[in-house]
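Worksheet: one structure, shown below.
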Ligand SMILES: Cc1cc2nc3c(=O)[nH]c(=O)nc-3n(C[C@H](O)[C@H](O)[C@H](O)COP(=O)(O)OP(=O)(O)OC[C@H]3O[C@@H](n4cnc5c(N)ncnc54)[C@H](O)[C@@H]3O)c2cc1C
């Protein structure tokens, strides 16, 4: 194994979070940036709706804060949300300085816009028009384009593209670098004073997902193995409207409903009026569950999105990407009913960090979708995740470059140690011995979809746990017959990571015996007020605790 390069900062991830950290660091620092696919291939690239930021004349960070807290179902960290919304406007302007071109109002248009002419979109549960977008519905692609271009000009940043980070290096309890495998299969290590996880999310754990193939929860698994605490894992957001055609899943942005699209059942009824006062613009969990409920009542596998009452030309111009996706399946966005269903979309939980990106492991930081700053609570407000990656990415860079006051990492959200309830079922009762790792991966996704998606209950979760534990054992058994070389491939490691994180998500979902935000338990249908503000945090080793918050339970999970 080759070893050697030494960097000030190693960043794992080239989405909005990793690129914001990298580009904000001073050029005097030596930085390594890793992406497992080609640079640009990330969840960021597929973001459609945009970046929410309080820039409208009738808007304010206080209103944005309020909307975020309401969507988060009393589980947001209010201090973190305040940072998000107050630092959002300056961060968005930094993004524009980096070359991102958000859509602007045409002369004479009556569209909603900021006083300086940036177009604003509207999305569910936002009380104002506040979503900056680019290319209509190609916001993520424009952000990636601009930041990649800026990156290419930075000689201080070494890019390790198509290089899979397989392990964090540890010394005396601190993270000191990482091990990676390049596309030729060569394993090497780099040393770094600080390592930043910006690996993105875990949507790939579910059969139906809006996420691209790379969202296999690698960052959560890397952090876990290094001893970092993971929190709020039971909260996975399911996007209400993913186009279902030919077995593929393509997101149809919330902004489409923001522009006035309706949801209809097979009887043609605009059913959301029965479920929420905000109808189609209710929070995501409400809309997703209403769709599921209609699907179950009608015994169908989809419901419909209807734009037929909206101006066709305007819709095609506003949503060119979605229009093209629909077109590729022979559907006209503005004239046909679009078959949609919910799918796994965004992981609210993640590596527990403070507002400067510190994990509980010295030398290890996390930012973006892989991290849990607490800004999303139990349910993310639409278009707040690009903003989170950006705002907290800039903050992490500030800390790493010594330009910000670096507070001591606080574990203020920690308190009580609890052990897992005794719910283990002997894994030997199931066997997946004949499966290869690709088949196991499909099986994880099927199990997570069946038992750990929009509607959960104890018996389903226990069954899922039993299956996943058996799959983990089978993979372990398979590893004894498999060459070292195969086990070091990205595919193999990803499968291991998916199984590990699936088990943790299930454990978290079992622990929360209530329905709140995106976590809906049919055996505990009500929100339990005594759990308001309570977080379940999992860790292999108990971190040193410097704060006390009776609302956080720490679970040692070996
Ligand atoms: C279809 C879709 C639409 C969305 N629309 C919106 C929207 O309109 N507004 C909004 O705010 N949010 C939206 N989101 C969510 C948002 O896009 C993501 O939460 C956000 O982009 C995550 O950014 P990130 O930088 O944390 O991770 P990502 O953008 O996912 O980047 C992850 C990076 O980590 C790298 N990586 C991962 N594991 C490894 C490894 N082991 N080794 C090396 N590299 C690794 C990947 O190669 C990639 O470069 C959308 C998401 C999807 C999927």
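Residue numbers (the numbering used here): 1 to 558. Glycine included, C-beta positions come from ideal geometry on N, C-alpha and C.
> Under the criterion of a Cβ to heavy atom distance below 7 angstroms, does residue 87 qualify as lining ligand 1?
Replying inline: As a position in the chain shown, residue 87 is number 87, starting the count at 1. Every heavy atom of ligand 1 is 7 angstroms or more from the Cβ of residue 87, so no.
> Taking Cβ positions only, does residue 467 come closer than 8 angstroms to chain C?
Replying inline: No chain C is part of this structure, which consists of one protein chain only.
> Of all the beta strand (DSSP E) runs that stay within the bounds of the region 15-40, which reach a length of 3 or more residues?
Replying inline: 31-34
> Do you know offhand how far residue 256's Cα is from residue 319's?
Replying inline: On the chain shown, position 256 is the one that residue 256 refers to. On the chain shown, position 319 is the one that residue 319 refers to. One C-alpha to the other measures close to 8 angstroms.
> Is residue 345 closer than 8 angstroms to residue 239 when the C-beta atoms are compared?
Replying inline: Reading the chain shown from its first residue, position 239 is the one you call residue 239. Reading the chain shown from its first residue, position 345 is the one you call residue 345. Cβ distance < 8 angstroms, so residue 239 and residue 345 count as in contact.
> Tell me, which residues are paired with residue 175 by DSSP?
Replying inline: Taking the chain shown and counting its residues from 1, the one referred to as residue 175 is at position 175. According to DSSP, which records beta bridges pairwise, residue 175 is partnered with 170.
>> Is the beta carbon of residue 158 closer than 8 angstroms to that of residue 50?
In response: Here the question's residue 50 lines up with position 50 in the chain shown. Here the question's residue 158 lines up with position 158 in the chain shown. No, these two residues do not count as a Cβ contact at 8 angstroms.
>> Using the three-state DSSP reduction, which class does residue 417 fall into: helix, strand or coil?
In response: The count along the chain shown starts at 1 and reaches residue 417 at position 417. Per-residue confidence for residue 417 stands at a pLDDT of 32, beneath the threshold of 50, marking its modelled position as unreliable; no derived number is given.
> Tell me which same chain residues have a C-beta within less than 7 angstroms of the C-beta of residue 15, skipping the five on either side of it?
Replying inline: Counted from its first residue, the chain shown places residue 15 at position 15. Within the same chain, residue 15 has close Cβ partners 42, 43, 44, 198, 200, 368, 389.
>> If distances are taken between C-alpha atoms only, which option among 183, 155, 191 comes closest to residue 171?
In response: As a position in the chain shown, residue 171 is number 171, starting the count at 1. Measuring from the Cα of residue 171, the nearest candidate turns out to be 191.
> Where residue 298 and residue 266 are concerned, what is the direct C-alpha to C-alpha distance, given to the nearest angstrom?
Replying inline: Locating residue 298 in the chain shown gives position 298, counting from the first residue. Locating residue 266 in the chain shown gives position 266, counting from the first residue. Answer to the nearest angstrom: the Cα atoms are 8 angstroms apart.
> Rounded to a whole number of angstroms, what is the C-alpha to C-alpha distance between residue 241 and residue 305?
Replying inline: Walking along the chain shown from the start, residue 241 turns up at place 241. Walking along the chain shown from the start, residue 305 turns up at place 305. Residue 241 and residue 305: Cα-Cα distance of roughly 8 angstroms.
> Hey, is residue 327 close to ligand 1, as in C-beta under 7 angstroms from one of its heavy atoms?
Replying inline: Position 327 of the chain shown, counted from the start, is the residue given in the question as residue 327. Outside the cutoff, so no.
> Hey, which unbroken runs of the alpha helix (DSSP H) at 4 residues or more fall wholly within the region 61-87?
Replying inline: 61-71
> Does the beta-carbon of residue 530 have 16 or more other beta-carbons within 10 angstroms, so that it is buried, or is it exposed?
Replying inline: Against the chain shown, residue 530 aligns to sequence position 530. Residue 530 is exposed by the Cβ-count criterion.
> Counting Cβ pairs, one atom from each stretch, are 3 or more of them under 8 angstroms apart for the region 222-232 and the region 272-281?
Replying inline: no
> What residues match up with residue 339 in a beta bridge as DSSP calls it?
Replying inline: Counted from its first residue, the chain shown places residue 339 at position 339. Residue pairing by DSSP places residue 339 opposite 304 in a beta bridge.
>> Please classify residue 307 as buried or exposed, where buried requires at least 16 other C-beta atoms within 10 Å of its C-beta.
In response: As a position in the chain shown, residue 307 is number 307, starting the count at 1. When all chains shown are included, residue 307 counts as buried.
> Of the residues 118, 130, 119, 20, which one's Cα is nearest the Cα of residue 58?
Replying inline: Translated into positions along the chain shown, residue 58 becomes position 58. Looking at the Cα atoms, 130 is the closest of the given residues.
> Cβ of residue 198 versus every heavy atom of ligand 1: is any distance shorter than 7 angstroms?
Replying inline: To locate residue 198, count along the chain shown from 1; it is residue 198. Yes, the beta carbon of residue 198 sits closer than 7 angstroms to at least one heavy atom of ligand 1.
> According to DSSP, is residue 560 helix, strand or coil?
Replying inline: Nothing in the structure corresponds to residue 560, since the chain is present only between 1 and 558.
> Which residues in the same chain as residue 124 place their Cβ atom closer than 8 angstroms to its Cβ, once the five residues preceding and following it in sequence are excluded?
Replying inline: Walking along the chain shown from the start, residue 124 turns up at place 124. Result list for residue 124: 254, 257, 258, 278, 280, 281, 282, 283, 284, 287, 382, in chain order.
>> Going by C-alpha to C-alpha distance, which of 296, 384, 193, 357 sits closest to residue 455?
In response: Numbered from its first residue, the chain shown carries residue 455 at position 455. Per the Cα distances, 296.
> Between which two residues does the beta strand (DSSP E) harbouring residue 237 extend?
Replying inline: Looking up residue 237 in the chain shown gives position 237. Element bounds for residue 237: 236-245.
> Taking the C-alpha atoms as reference points, what is the distance between residue 526 and residue 186?
Replying inline: On the chain shown, residue 526 is found 526 positions in, with the first residue counted as 1. On the chain shown, residue 186 is found 186 positions in, with the first residue counted as 1. Cα to Cα, the separation comes out at about 52 angstroms.
> I think residue 444 touches residue 475, with their Cβ atoms under 8 angstroms apart; what is that distance to the nearest whole Å?
Replying inline: Working through the chain shown from its first residue, we reach residue 444 at position 444. Working through the chain shown from its first residue, we reach residue 475 at position 475. The Cβ separation is near 10 angstroms, so there is no contact.
>> At 3 residues or longer, what runs of the beta strand (DSSP E) sit wholly inside the region 494-550?
In response: 535-539
> If you draw a straight line from the alpha carbon of residue 492 to that of residue 439, how long is it in whole angstroms?
Replying inline: Residue numbering aside, residue 492 sits at position 492 when the chain shown is read from its first letter. Residue numbering aside, residue 439 sits at position 439 when the chain shown is read from its first letter. So the alpha carbons of these two residues sit roughly 12 angstroms apart.
> What residues match up with residue 164 in a beta bridge as DSSP calls it?
Replying inline: Working through the chain shown from its first residue, we reach residue 164 at position 164. Note: residue 164 sits in a beta bridge opposite 181.
> Going by beta carbon distance, what residues of the same chain come within less than 7 angstroms of residue 325, once the five residues before and after it are set aside?
Replying inline: Here the question's residue 325 lines up with position 325 in the chain shown. 243, 250.
>> Counting beta carbon pairs with one atom in the region 67-80 and one in the region 99-106, are three or more of them shorter than 8 angstroms?
In response: No: the two stretches stay apart, fewer than three of their Cβ pairs being nearer than 8 angstroms.
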